[in-house]
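Going down the list, the protein sequences come from chains X and S. Going by the numbering used here, the first sequence wraps up at 252, each residue one higher than the last. Going by the numbering used here, the second sequence wraps up at 1330, each residue one higher than the last. Ideal Cβ placement from N, Cα and C applies to all residues, glycine included.
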Amino acid sequence: MSNAALFQTLLRLGDNTLVLGHRVSEWCGKAPVLEEDIALANTALDLIGQTQMWLGYAAEIENEGRSADDLAMLRDVWDFRNILMVERPNLDFGHTMMRQFLFDAYHRTLLTALKDSTNPRIAEIAAKAVKEATYHFERSAETVIALGDGTPESHEFMQNGLNLLWPFTGEMFECDAIDAEMAAAGVIPDPISLRDTWIALVSDTLTEATLAIPQDDFAHKGGRTGRQHTEHLGHLLTQMQWLQRAYPGANW
Amino acid sequence: MYAQMIQSTGKGVKTLDEMDPQERAFQERINAGGKIEPKDWMPDGYRKNLIRQIGQHAHSEVVGQLPEGNWITRAPTLERKAILLAKVQDEAGHGLYLYCAAETLGITRDEMYEALHEGRMKYSSIFNYPTLTWADMGAVGWLVDGAAIMNQVPLQRTSYGPYARAMVRICKEESFHQRQGFDIMMKMVNGTAAQKKMAQDALNRMWFPSLMMFGPSDEDSVHSVQSMAWKIKMNGNDELRQKFVDQTVPQAEYLGLTIPDETIKWNEEKGGYDFAQPDWTEFFDVLRGNGPCNQERLQTRKSAWEDGAWVREGMLAHAAKKRATRLAAE
């Protein structure tokens, strides 16, 4: 098992939580109800906490003197390894919660498998994070059900969100040479093996929410490999990284 | 403070002899340090005043998310981002307890929002000032939360039970908020020249607005006298402002920052600092809606409420369907 592959794997885990945590934090003070303001801030906080663990470990493995903060604040778009779905703009609350739900179902499934990783550090982080991911999944699934099965208007918002996001879900289960190497060593599950559990979780909830799963399985890809992100990530980074870029070397 | 310029009945305070037996029993209970609970009898004025005060406090917590939310997406490190998220989450939580406390007095949260959006209810003047640099996150914690604590600690002993209990929890969290603000300031003043400049600039802009949080002098205010008799206001505005200045001047010295008031001087005789009053014309302008951020803050809240209407309606519709299904099954 090469450290380069392990480093990439850890970036994939940490960049997902970093970028989604950032997106969710954009809701601060603007949610439809106060309870949602609290819940969204709480979700973002959990995701940023997980980022510290994943990127902290990634920095150790890289062993080039970079910290978790350096990785978060000083890499450019092409070095990010998050799936494209999490960098999509929030749009409306329905789109935000649908994205959260599709991600949470994946995240919970992935972290559950990672608890049994042959890499003890990964197993340890996953054991901690899966508790949060399980809670996030329960909450986002409840919201998707309530709004899918609410009024005709809320149903339409949720169906639109699902239609926009569905083509971004396939990337979660793509397997490249790095994944194959890591899966062979028992560090991560084969991404493809997660799909059945995910689809079962997602289908149950969406059915209860009276929402129709799009039948097209076209998948946008390029985030996990860093081959081609969306235009949105660059704008997100200009904001997230601004202070570190504008005042290099300062301690905050 | 988070509740400023709360109007009372304005009729002056009755003596115990002028009160009917019910009101007299109520006042005697307060005088003896007892608590008033939601189901107890209370004078209309007490109820109305408390709704205004707790409601304004709750609105301040909710609107107060915005100036800090302005920097969550630009926090310089993962740890700072996590701390700021935790702090803003606490503030939304404070808003929630306070709305709940106000609801025990017979008003709904939606009615209070409506009053806020229509300008019939206010939030603290301080949140109408912009947060322009990262040092403002330090200054808000250090000065704004510091000023809030001055008022809120005594409010833990306020006469209305639900308000006093909400305040106990709020105070614990506010003191953590103040410490994290001071910690940001420490980092800034020990940092680069640019960081020190940011820290001084934040203090320059936030100092007088922080003093305004306590409200104008209330020596002769009928409203304050009544509120103090009811123990829903525990200390005079000038008294709290003095306490705040006395606490903050040495902290600024420790940070190596200069408070933007050349008249600040220790007064041995009174055992406190002499200091300049803020520009009260500016304060009244801000209250009238002419602060630098009034329009944006209120518009952000109104848009959040209006854009979220379909969500609230959807959730209610689903809950009603579930209730109907449950009833049908029984």
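Interface with chain S (8 Å Cβ-Cβ cutoff): C175(X) is excluded. The secondary-structure analysis by DSSP pairs D1274(S) across a beta bridge with K1265(S). Beta-bridge pairing by DSSP links Y1160(S) to I1036(S). For A1199(S) against V1189(S), the beta-carbon gap comes to about 5 Å, under 8 Å, which counts as contact. Contact of P32(X) with chain S by beta-carbon distance below 9 Å involves A1304, W1305, D1307, G1308, A1309, W1310, V1311, R1312, M1315. E1028(S) and S1227(S) have their alpha carbons spaced roughly 15 Å apart.
Taking C-alpha positions only, L1085(S) is separated from E1330(S) by approximately 44 Å. Among the CB atoms of chain X, one or more fall inside 8 Å of the CB of Q1195(S).
The C-beta of F218(X) has fewer than 16 other C-beta atoms within 10 Å across all chains shown, which makes the residue exposed. Nearest Cα to I192(X) within the set A185(X), L201(X), A180(X): A180(X). With distances taken between CA atoms, H22(X) lies nearest to P89(X) out of L10(X), T205(X), M53(X), P89(X). Counted as a single uninterrupted DSSP element, the alpha helix (DSSP H) harbouring R1205(S) occupies residues 1193-1212.
Annotated as distal: S1210(S) and A1135(S), with beta-carbon spacing of 8 Å or more.
The C-beta distance from C1171(S) to V1144(S) rounds to 15 Å, too long to meet the 8 Å contact threshold. Here DSSP, grouped into helix, strand and coil, assigns P32(X) to coil.
The straight-line gap separating the alpha-carbon atoms of I213(X) and M97(X) is approximately 16 Å. Between C1293(S) and Y1129(S), the C-beta spacing is below 8 Å. Note that the segment 1096-1113 of chain S does not touch the segment 1175-1192 of chain S; fewer than 3 beta-carbon pairs, one per stretch, sit closer than 8 Å. The beta carbon of A5(X) sits closer than 7 Å to those of I178, E181, M182, all from its chain and outside the five residues before and after it, given in chain order. When CB distances to chain S are screened at a threshold of 7 Å, the residues of the segment 58-81 of chain X falling below it are A68, D69, A72, in chain order. The beta carbon of D76(X) sits closer than 8 Å to those of L237, all from its chain and outside the five residues before and after it, given in chain order. The contact set of L1096(S) on chain X, defined by CB atoms closer than 8 Å, consists of L34, E35, I38 in chain order. In this structure, the alpha-carbon of T151(X) lies about 6 Å from that of A1317(S).
Taking a Cβ-Cβ threshold of 7 Å, the residues of chain X close to P1076(S) are L243, Q244, W252, in chain order.
For the pair of segments examined, the segment 129-147 of chain X was found not to touch the segment 66-74 of chain X: the number of CB pairs separated by less than 8 Å stays below three. In the displayed model, V1063(S) falls within a helix according to three-state DSSP.
When the beta-carbon positions are compared, P1076(S) and T1131(S) stay at least 8 Å from each other. When the alpha-carbon of E26(X) is set against those of S1060(S), I1054(S), L1105(S), T1073(S), the nearest one is in T1073(S).
Taking a C-beta cut-off of 8 Å against chain X, the contacting residues of the segment 1121-1154 of chain S are W1134, listed in chain order. Contacts with chain X (Cβ-Cβ distance below 8 Å) from the segment 1079-1093 of chain S involve E1079, R1080, K1081, A1082, L1085, A1086, V1088, Q1089, A1092, G1093, listed in chain order.
Contact between the segment 1157-1166 of chain S and the segment 1225-1244 of chain S is established, with three or more Cβ pairs separated by less than 8 Å. The closest CA to that of T207(X), considering only L194(X), L147(X), G170(X), G56(X), is found on L147(X). R108(X) and V130(X) do touch by the CB rule: their CB atoms are close to 7 Å apart, below 8 Å. The residues L10, R121, in chain order, have a CB closer than 6 Å to that of Y57(X) in the same chain once the five nearest residues on each side in sequence are set aside. In the structure shown, W198(X) adopts helical secondary structure according to DSSP, grouped into three states.
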